[in-house]
Every structure is written in C-alpha cells, then in structure tokens.
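A.B. asks: Have a look at the structure that comes next, please.
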Amino acid sequence: MTTLTAIIAEALRLDETKVTDDLAIHTVATWNSLTHIELVIMIEEQLQIQLTEDEIVAMRSVRDIRTVLGQRGVSVT
Amino acid sequence: MTGEPTLSGRKAIVTGGAGHLGSGIALALRDQGCRVVIVDRDPAALARFQKETEIETRACDLSDPVACERTFDGIWQTSGPISILVNAAGRIHSAPLVNIAGGAERRHSPAAWNEVIDANLTSVFLATANVAERMASTRTRGVVINLSSIAAEGNAGQGAYAAAKAGVNAATLAWAKELGPLGIRFVAIALGFIDTPSTHVALSDDAIKDWARRTPLRRLGKIEHVTSTVLYVIRNDFVTGKVIEVDGGLTL
Numbered sequence: 001m002t003t004l005t006a007i008i009a010e011a012l013r014l015d016e017t018k019v020t021d022d023l024a025i026h027t028v029a030t031w032n033s034l035t036h037i038e039l040v041i042m043i044e045e046q047l048q049i050q051l052t053e054d055e056i057v058a059m060r061s062v063r064d065i066r067t068v069l070g071q072r073g074v075s076v077t
Numbered sequence: 078m079t080g081e082p083t084l085s086g087r088k089a090i091v092t093g094g095a096g097h098l099g100s101g102i103a104l105a106l107r108d109q110g111c112r113v114v115i116v117d118r119d120p121a122a123l124a125r126f127q128k129e130t131e132i133e134t135r136a137c138d139l140s141d142p143v144a145c146e147r148t149f150d151g152i153w154q155t156s157g158p159i160s161i162l163v164n165a166a167g168r169i170h171s172a173p174l175v176n177i178a179g180g181a182e183r184r185h186s187p188a189a190w191n192e193v194i195d196a197n198l199t200s201v202f203l204a205t206a207n208v209a210e211r212m213a214s215t216r217t218r219g220v221v222i223n224l225s226s227i228a229a230e231g232n233a234g235q236g237a238y239a240a241a242k243a244g245v246n247a248a249t250l251a252w253a254k255e256l257g258p259l260g261i262r263f264v265a266i267a268l269g270f271i272d273t274p275s276t277h278v279a280l281s282d283d284a285i286k287d288w289a290r291r292t293p294l295r296r297l298g299k300i301e302h303v304t305s306t307v308l309y310v311i312r313n314d315f316v317t318g319k320v321i322e323v324d325g326g327l328t329l
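Heads up: the sequence lines are chains Z and X, in that order. First residue of the first sequence? That's 1 in the numbering used here, and the numbers climb one at a time after it. First residue of the second sequence? That's 78 in the numbering used here, and the numbers climb one at a time after it.
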C-alpha cells in the first residue's frame with residue numbers, strides 16, 4: 001500500500017527521507033501553489049476521498065495533512 | 078455526424094454570446110444538447126437573442142472584476158457546475174503606433190490601447206479565473222476555449238489587438254500547464270478572416286477580396302468552421318495547451 005510519505009514525495013518530487021512532519025508549503029522549492037494541486041489530486045486518487053476547500057486550505061504542512069486525514073478517519077502511514 | 082457523442086447534460090458559458098461568432102457557437106452548443114448561458118455587455122442584443130432563442134443570458138462588463146464575480150457566481154449558483162467556457166468576447170481595433178499624418182494624434186491613443194486590452198485580454202482573464210476557480214473547487218473537469226486571432230502574429234496597424242491576442246495565446250498555454258492535473262483544459266482558436274457581418278463592417282469589400290486572394294484556400298471561413306472546431310476541442314479531451322489556427326492557410 002502506498003504511504004502518505006510516498007505520495008507527498010512523488011507529488012513534490014522529493015526523496016522520501018526529506019518528507020518530515022515539519023515540511024511545509026513554500027519551505028521547499030517544489031511545494032508551491034501549483035504542485036499543491038498535484039499533491040491534492042494524488043492524495044484524493046490514492047486514498048479515494050475528496051477533500052473540501054477548507055481542508056485543502058488547511059493543508060499547509062505534512063503535519064496538517066496528517067491532521068486533516070485523521071479527522072476524516074483515514075489511516076495513513 | 079452519426080456516432081458523434083452529443084453534449085447532452087453539459088453546461089456551457091459563452092462570453093460575447095450576443096455577437097455573430099458567439100451566438101453561432103452558443104446555438105451550436107445548444108443544438109448538441111448543452112445548456113448554455115451567454116454573457117455579453119450589450120443588454121439590447123442579449124434581449125433580442127434571448128427572445129429569438131430562449132437561451133439564458135446575463136449582461137456583464139467583462140472587464141470589470143466586481144461585475145464578473147457577481148455574474149459568474151450567479152450563473153454557478155443557478156446553472157453550475159459549468160464544464161465549458163468559450164471566451165468569444167472581444168473586438169477588433171485597428172490603429173498604427175505612429176501616424177505621422179495624424180495631426181494632434183500622431184501616436185496610438187493610450188485610452189484606445191487600454192480599451193482594446195480590456196476587451197480582448199482582461200475579459201478572457203477575468204471570465205476564465207472566475208470559472209476555472211469554481212471548476213477546480215468542485216473538481217469539475219472541463220475546457221476553456223479562447224477565441225484568438227492570427228493577428229497575434231503581428232498584424233501591421235493592429236498593435237493593441239495583436240498584443241491582446243498574443244496575450245490570450247500565451248495565457249492559454251500557461252493555464253493549461255497549471256490546471257491540467259485537475260483535468261481542466263485550455264485551447265485557443267486563432268481565427269483568420271471569417272465571413273461575418275462584423276467582418277463586412279470592419280473591412281471594405283475590396284479589402285475582403287484582397288484577403289481572400291492572399292489566403293491559400295482563396296476564400297473566407299464561415300462561422301461553421303469555427304463552431305466545428307469548438308465542438309472538436311470539447312469532444313477531444315486529450316487536446317490542451319494548443320493554439321489551433323482556423324485560417325484557410327493564411328499564416329502558412
């Protein structure tokens with residue numbers, strides 16, 4: 001099963017070792033408003049959910065993403 | 078057209094829909110089963126069009142961000158989600174950069190420059206931003222088709238119009254890259270000389286004959302050539318980020 005770390009790494013074109021909970025939008029060059037769209041799409045497709053506008057806006061860091069998914073009851077590693 | 082999928086159930090907005098090209102496109106979409114809303118700044122033309130066709134209309138100055146927000150929000154509320162936007166609004170303008178015989182007006186008017194950019198480029202930006210943001214928010218896969226012109230390659234005597242249409246082409250490509258991952262496509266259709274009443278207003282009969290002679294196919298295009306291209310772009314969902322020239326070979 002694909003992990004959230006793997007999804008984020010692929011969407012943001014990062015090595016998985018770089019994907020920490022503190023990683024946030026605009027703290028790395030590859031996580032910007034454009035790649036954020038790709039990240040959202042990949043999370044939705046891989047986890048088979050549809051995120052709301054508020055959730056997308058709230059996902060400012062890897063920790064935020066885990067929080068949003070946790071509130072949805074989606075179990076990720 | 079046997080076997081061609083219809084557009085039944087799709088919803089479309091056509092800006093400049095009260096004009097000759099826009100109304101032709103709106104009618105073609107309606108005939109394919111689309112629910113169409115046209116947006117135009119001309120209330121009288123809209124009223125005539127609505128009476129003749131029963132197509133829903135909205136009056137809006139497409140260069141006004143506040144009016145656009147109000148108009149497109151209203152359309153989305155009553156008719157959304159919209160999956161097709163055709164930006165057909167715009168107007169031709171001819172004026173040289175320098176007119177040494179122009180007396181007091183020896184340079185292109187800044188006011189005219191701004192009006193042409195507003196009518197042909199800013200209107201496309203505002204309509205597209207309003208619709209694309211709503212498409213993205215609702216995960217509506219769709220297509221934005223921008224009517225452009227071969228003037229974008231630099232027609233002498235049409236600097237403002239050429240710049241506006243070149244801007245439309247460039248923005249079309251940028252937006253295609255930005256929103257492709259969401260399944261939102263962007264295509265520009267660069268028109269050559271199309272035989273519409275507007276063309277006959279803008280150009281003399283001699284000028285029209287001259288342009289037809291210069292066109293490899295030796296004739297002007299018809300509105301049907303434009304509508305068939307619009308329908309092709311809508312139906313082929315693997316086409317995006319392109320400027321399709323419909324010009325009888327004039328730019329060859």
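The beta-carbon is built from N, C-alpha and C at its ideal position, and this holds for glycine as well. None of these values were measured; they are calculated from a predicted model.
Could you compute how far the alpha carbon of V221/X sits from the alpha carbon of V264/X?
C.D. replies: Going by the C-alpha atoms only, they are around 6 Å apart.
A.B. asks: In three-state DSSP terms, what is A34/X?
C.D. replies: Since the displayed chain X opens at 78 and closes at 329, residue 34/X lies outside it and no answer follows.
A.B. asks: Entirely within the region 94-120 of chain X and at least 4 residues each: give me those alpha helix (DSSP H) ranges in chain order.
C.D. replies: Taking only runs of at least 4 residues, the alpha helix (DSSP H) segments lying wholly in the region 94-120 of chain X are 97-108.
A.B. asks: Report the rounded CA-to-CA distance for G96/X versus I37/Z, giving the unit in angstroms.
C.D. replies: Whole-angstrom Cα-Cα distance: 36 Å.
A.B. asks: Exposed or buried, which one is A103/X when buried takes at least 16 other CB atoms within 10 Å?
C.D. replies: A103/X is buried by the Cβ-count criterion.
A.B. asks: When the Cα of A253/X is compared with those of D108/X, T317/X, V116/X, which residue comes out closest?
C.D. replies: For the residues D108/X, T317/X, V116/X, the minimum Cα distance to A253/X belongs to T317/X.
A.B. asks: Taking a contact to mean a Cβ-Cβ separation below 8 Å, would you say E227/X touches L174/X in this structure?
C.D. replies: According to the sequence as given, residue 227/X is Ile; it is not Glu. Cβ distance not < 8 Å, so I227/X and L174/X don't count as in contact.
A.B. asks: Given that I41/Z touches chain X, what residues does it touch there, using C-beta distances under 7 Å?
C.D. replies: Within 7 Å Cβ-Cβ: P258, L259.
A.B. asks: Using DSSP with H/G/I as helix, E/B as strand and the rest coil, what is G151/X?
C.D. replies: In this structure, G151/X counts as helix in the three-state DSSP scheme.
A.B. asks: Find out if the Cβ-Cβ distance for the pair A144/X, V201/X is shorter than 8 Å.
C.D. replies: No, the pair does not count as a contact, with Cβ atoms beyond the cut-off.
A.B. asks: Does any residue of chain Z bring its CB to less than 8 Å from the CB of R216/X?
C.D. replies: Yes, contact with chain Z.
A.B. asks: Going along chain Z in order, which residues have a C-beta closer than 8 Å to the C-beta of E255/X?
C.D. replies: Residues of chain Z passing the Cβ test: L34, I37.
A.B. asks: To the nearest angstrom, how far is the alpha carbon of V62/Z from that of I41/Z?
C.D. replies: Rounded to whole angstroms, V62/Z to I41/Z spans 15 Å at the Cα level.
A.B. asks: For the region 46-73 of chain Z, which residues have a beta carbon sitting closer than 7 Å to at least one beta carbon of chain X?
C.D. replies: Under the 7 Å Cβ criterion, the region 46-73 of chain Z contributes Q50, E53.
A.B. asks: So, S225/X versus V245/X, is the Cβ gap smaller than 8 Å?
C.D. replies: Their beta carbons are under 8 Å apart, which means S225/X touches V245/X by this criterion.
A.B. asks: Alpha carbon to alpha carbon, how far is R295/X from G99/X?
C.D. replies: Taking the straight line from one Cα to the other gives about 25 Å.
A.B. asks: Of the residues R125/X, N232/X, L162/X, S171/X, which one's Cα is nearest the Cα of L327/X?
C.D. replies: The residue with the shortest Cα to Cα distance from L327/X is N232/X.
A.B. asks: Starting from K319/X, trace the beta strand (DSSP E) in both directions and tell me its first and last residue.
C.D. replies: Its beta strand (DSSP E) spans residues 319-323.
A.B. asks: With a 10 Å radius around its C-beta and 16 neighbouring C-beta atoms as the bar for buried, classify C111/X as buried or exposed.
C.D. replies: Its Cβ being crowded by 16 or more others within 10 Å, C111/X is buried.
A.B. asks: Using C-beta distances below 8 Å, list every residue in its chain close to T306/X, excluding the 5 sequence neighbours before and after it, in chain order.
C.D. replies: So the qualifying residues of the chain are I266, I321, V323.
A.B. asks: If we define contact as Cβ-Cβ less than 8 Å, is T317/X a contact residue for chain Z?
C.D. replies: No, no contact with chain Z.
A.B. asks: Taking 8 Å as the threshold (C-beta atoms), are I311/X and I161/X in contact?
C.D. replies: Yes, the Cβ-Cβ distance between I161/X and I311/X is below 8 Å.
A.B. asks: For L12/Z, which three-state DSSP category applies?
C.D. replies: If DSSP states are grouped into helix, strand and coil, L12/Z belongs with coil.
A.B. asks: Rounding to the nearest angstrom, what Cα-Cα distance links P258/X and T52/Z in this structure?
C.D. replies: Approximately 17 Å between the Cα atoms of the pair.
A.B. asks: Please confirm whether N197/X has its beta-carbon closer than 8 Å to some beta-carbon of chain A.
C.D. replies: Absent here is chain A; the protein component of the structure consists of chains Z and X.
A.B. asks: Leaving out five residues before and five after R218/X in sequence, what residues of the same chain have Cβ atoms less than 7 Å from its Cβ?
C.D. replies: S160, G260, I261, listed in sequence order.
A.B. asks: So, for I56/Z: in the same chain, excluding its five sequence neighbours on each side, which residues have a beta-carbon less than 6 Å away from its beta-carbon?
C.D. replies: Here the set comprises V40.
A.B. asks: Could you name each continuous alpha helix (DSSP H) segment of 4 residues or more that falls completely within the region 222-275 of chain X, going from the start of the chain to the end?
C.D. replies: Whole alpha helix (DSSP H) segments, 4+ residues: 236-256.
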